[in-house]
Amino acid sequence: MLSKLGHNSNHDISFNLHALPSTLSIIWDQHNAHIPIDKSVRQICKAITHSQKLYHWLNHSTMTQIKTATYNQQINFELIAKYFNYNPYNHATSRFLTKFRAWQLKTSNNLLPTMDRLEHLYPKLIRNTINCWLCNAHIETNDHLWTCTRGLHTFIPHLHRYVAELIRFIREHCDQGDTFLEDNIKRNNIFA
22 MLSKLGHNSN HDISFNLHAL PSTLSIIWDQ HNAHIPIDKS VRQICKAITH
72 SQKLYHWLNH STMTQIKTAT YNQQINFELI AKYFNYNPYN HATSRFLTKF
122 RAWQLKTSNN LLPTMDRLEH LYPKLIRNTI NCWLCNAHIE TNDHLWTCTR
172 GLHTFIPHLH RYVAELIRFI REHCDQGDTF LEDNIKRNNI FA
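Just so you know, we're using this note's numbering here: the sequence shown kicks off at 22 and counts up by one.
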């Protein structure tokens, strides 16, 4: 009844949030998110807000590849959240952590300072787009940065070394389930 009155009314309806129960049994389903509202109302509001921010972020022009991969369910957002929450430093705040967070955001948004972006930002300083510093065959862009054959040739041995170190660390520090974790790492497309 109240929702019909609110829908047909020209006036705002305000709710006393303290009178709401702490749990509700409804589902928020914008963009097929299927978020069950069965927890604290404040937590669900945060989840909805974060979901809206995610869709806004995915609609940015630099995010077309990530948006496609997201809709094809090729991205594990649980691991992405761990990546963004990772702190390689001992302090909660520091200038090193700030630089690290900036690098994380620039990497995920395809906004690393490649030559095409620098030319766009500083047209008087960089007049002609400069080719990739590694292969010198293609214009240096954020997309090319991850597909450059010379860059990958340099990057892949480092990745394999880090994977070997990770497996060694798991063997040394895990009590059980070593082979399960090792198999997951070896079968993961990222490390292939």
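Ideal Cβ placement from N, Cα and C applies to all residues, glycine included.
Exposure of residue i, with buried meaning 16 or more beta-carbon neighbours within 10 Å
i	result
Ser46	Only weak support exists for where Ser46 lies, its pLDDT of 48 falling under 50; the value from the coordinates is given anyway. It counts as exposed.
Glu99	exposed
Glu161	buried
Cys153	buried
Thr135	buried
His181	exposed
Thr71	The sequence given here has His at residue 71, not Thr. It counts as exposed.
His141	exposed
Residue i to residue j span [Cα, whole Å]
i	j	result
Ile87	Trp167	14 Å
Arg208	Leu202	10 Å
Thr170	Cys156	7 Å
Ser82	Asp137	16 Å
Arg75	Lys67	One detail in the question is off: residue 75 reads as Leu in this sequence, not Arg. Roughly 12 Å separates the two Cα atoms.
Ile188	His159	36 Å
Val184	Thr175	15 Å
Ile101	Gly172	23 Å
Minimum C-alpha distance to residue i - residue among the options
i	options	result
Lys127	Gln73, Trp78, Ile188	Trp78
Asn130	Met84, His181, His179	Met84
Cutoff 6 Å; reference residue i; Cβ partners in own chain excluding five residues on either side
i	result
Leu133	Lys127, Asn163
Leu139	Ile147
Pro109	none
Range covered by the alpha helix (DSSP H) that runs through residue i
i	result
His159	Looking at the DSSP string, His159 is not in any alpha helix (DSSP H), and its letter there is neither H nor E.
Lys103	98–106
Lys88	85–92
Ile188	170–194
Arg122	116–129
His141	136–142
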